Amino acid sequence: MANRTMPKDLYDILGVQREASADEIKRAYRKLAKQYHPDTNPEAGDDEKFKEVSAAYAVLSDPDKRARYDRYGLAGIDPQQGGFNGGFGGFTDLSEMFEELFGAFTGGARRSSAGGSRRQPRPGRDLRYDMTLTFEESIFGVEKEIEIARLEMCDTCHGAGAEPGTSPKRCPECSGSGEVRQVRQTFLGSMVSVTTCPRCGGDGEIVETPCKTCRGEGKVRKTRKITVKVPGGVDDSTRLRVPNEGEAGENGGPSGSVQVFFRVQKHEFFKRRENDIILDLQINVSQAALGAEVSIPTVDGPEKLIIAAGTQSGKTYTLRGHGAPRIRSDGTSAGRGDQIVVVEVIIPGRLTPEQRRLFEELGRTLGTEVQPSKAAKGFFERVAEFFGGSESR
-3 MANRTMPKDL YDILGVQREA SADEIKRAYR KLAKQYHPDT NPEAGDDEKF KEVSAAYAVL
57 SDPDKRARYD RYGLAGIDPQ QGGFNGGFGG FTDLSEMFEE LFGAFTGGAR RSSAGGSRRQ
117 PRPGRDLRYD MTLTFEESIF GVEKEIEIAR LEMCDTCHGA GAEPGTSPKR CPECSGSGEV
177 RQVRQTFLGS MVSVTTCPRC GGDGEIVETP CKTCRGEGKV RKTRKITVKV PGGVDDSTRL
237 RVPNEGEAGE NGGPSGSVQV FFRVQKHEFF KRRENDIILD LQINVSQAAL GAEVSIPTVD
297 GPEKLIIAAG TQSGKTYTLR GHGAPRIRSD GTSAGRGDQI VVVEVIIPGR LTPEQRRLFE
357 ELGRTLGTEV QPSKAAKGFF ERVAEFFGGS ESR
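The numbering of the sequence shown is my numbering, which starts it at -3 and goes up by one.
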């Protein structure tokens, strides 16, 4: 025997207490219906949640049905139960109850829409492709040829699924509508439920002689090579859409897209920070103290950089316009970031005798006694003055 999911409590669905007034129930329903209705809230709408909320309100807003529900549970409003003997009845979920309660009044509009949509043009499925780029390719852009496997329209039957010389027949089960209706007698009267035709799957047609090439599917899998133009400035967070190169659509619908995701390889020297390129530059003590002109790498080639005398570790220099291009919303590049050079002064770990002699001589001229900085000295002086002033008070 198949497992059945226990239906939810109707009061819990609306978020009200069992003793809630009719006005409280109505306010709760309006709030939830607005939240979950797919038409009024396309992004956060939830069709199944909307059905549950509507079904719960249909019962609890009717005094007679609410009284039956309070006494017998869902069995009190379930026509399959032949009597009100308690329990949860024949409904396995609130969506089923929604169809029973509203089928006669809506004409099965939602279910009809779901089934009928199969005969309407629908876009094909998108495909994903993961592309690896070198650091330079991500900065300047590149044109690459990639190979993808996708479903394309069958050239033999042109997507019909039927062998050439034959044609699909109208489904005898639903008379071509793609839907079947069932009428059930309930204590509320005749209830109509509309479901997708089980024989044709909602297409309204049956292929009696399937195409031998695609076996009646209307599509065949093929491998294709396509060219992808990667704009300069992409990074690991960039996704590029190549339109009309995905899988074939349904019933004349447009093809899907190829979504290209990027992975940029690490570079020997450079790092990326948004549109800026970072270069860590090591200089020696002499260059830091005296200043120097050095040649540094950029993505555009070598550039001269003037190191100011007295440069400390952590000092940065900016080369304008040598960063990554900025990508517009339309995928094109506009302007570039900067290259940021971060200086690190390297203290030699081992010295030759001559280097040691020179450093010792330098040390004698600079003085070897360690003194606190001006800021630190000022702090200590202020502390001494504070305590000295306290003693005098």
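For glycine and all other residues, C-beta sits at the position ideal for the given N, C-alpha and C. Since this is a predicted model, take the numbers as computed values, not measurements.
- Contact between Tyr53 and Leu10 holds: CB atoms are separated by about 7 Å, below the 8 Å threshold.
- Of the candidates Val138, Gln283, Ile323 and Ile292, the residue whose Cα lies closest to the Cα of Ala305 is Gln283.
- In the three-state reduction of the DSSP assignment, Gly331 falls in the strand class, which pools E and B.
- Taking C-beta atoms as the reference points, Ala145 and Lys47 fail to come closer than 9 Å.
- According to DSSP, Phe266 shares a beta bridge with Leu275.
- For Lys300, the enclosing beta strand (DSSP E) starts and ends at Glu299 to Ile303.
- DSSP places Ser134 outside any beta strand (DSSP E); the residue lies instead in the alpha helix (DSSP H), whose first and last residues are Phe131 to Phe136.
- DSSP, read as helix, strand or coil, puts Ser173 in coil.
- At the C-beta level, Val216 and Arg237 stay beyond 9 Å of one another.
- As far as DSSP is concerned, Tyr7 takes part in no beta bridge.
- The region 227 to 258 contains, as complete beta strand (DSSP E) runs of 3+ residues, the segments 235 to 238 (chain order).
- Under DSSP, Arg220 forms a beta bridge with Ile144.
- In the three-state scheme derived from DSSP, where H, G and I count as helix and E and B as strand, Leu123 is classed as strand.
- For Val203, there is no enclosing beta strand (DSSP E), as DSSP marks it with neither H nor E.
- Counted as a single uninterrupted DSSP element, the beta strand (DSSP E) harbouring Ile292 occupies residues Ala288 to Ile292.
- Comparing alpha-carbon positions, the option among Glu204, Gln116 and Arg177 lying closest to Thr191 turns out to be Arg177.
- Taking Ser309 as reference, the option from Gly157, Gln278 and Glu141 with the minimal CA-CA separation is Gln278.
- Bounds of any alpha helix (DSSP H) do not take in Ile323; it lies within the beta strand (DSSP E) bounded by Pro321 to Ile323.
- Non-local beta-carbon contacts of Gly137 in its own chain, meaning distances under 6 Å to residues more than five positions away in sequence, involve Val226, Pro227 and Gly228 in chain order.
- Contact between Ile323 and Ser329 is confirmed by a C-beta separation of about 6 Å, below the 8 Å threshold.
- With contacts defined as CB atoms closer than 9 Å, Ala24 and Val12 qualify as a contacting pair.
- The shortest C-alpha to C-alpha distance from Asp199 to any of Ser233, Cys207, Pro164 and Val179 is the one to Pro164.
- When C-alpha distances from Arg166 are compared across Cys193, Gly249 and Lys45, the shortest belongs to Cys193.
- Secondary structure note for Leu362: its alpha helix (DSSP H) is the uninterrupted segment Pro349 to Leu362.
- In the structure shown, the three-state DSSP call for Val260 is strand.
- Sequence-distant partners of Gly197 (beyond 5 residues in either direction) whose C-beta falls short of 6 Å from its own C-beta are missing from its chain.
- Under the 8 Å Cβ criterion, the region 352 to 362 does not count as touching the region 290 to 299, having fewer than three qualifying pairs.
- Under the three-state reduction of DSSP output, Val55 falls in the helix class.
- In summary, Leu275 is buried, with 16 or more beta-carbon neighbours lying within 10 Å of its beta-carbon over all protein chains present.
- Pairwise C-beta distances place the region 247 to 267 in contact with the region 124 to 143, as three or more of them are shorter than 8 Å.
- In this structure, DSSP gives Arg26 a helical state, which the three-state scheme calls helix.
- Rounded to whole angstroms, the gap between the alpha carbons of Thr205 and Asp151 is 16 Å.
- Residue Arg195 holds the alpha-carbon nearest to the alpha-carbon of Cys170 among Arg195, Gly245 and Glu243.
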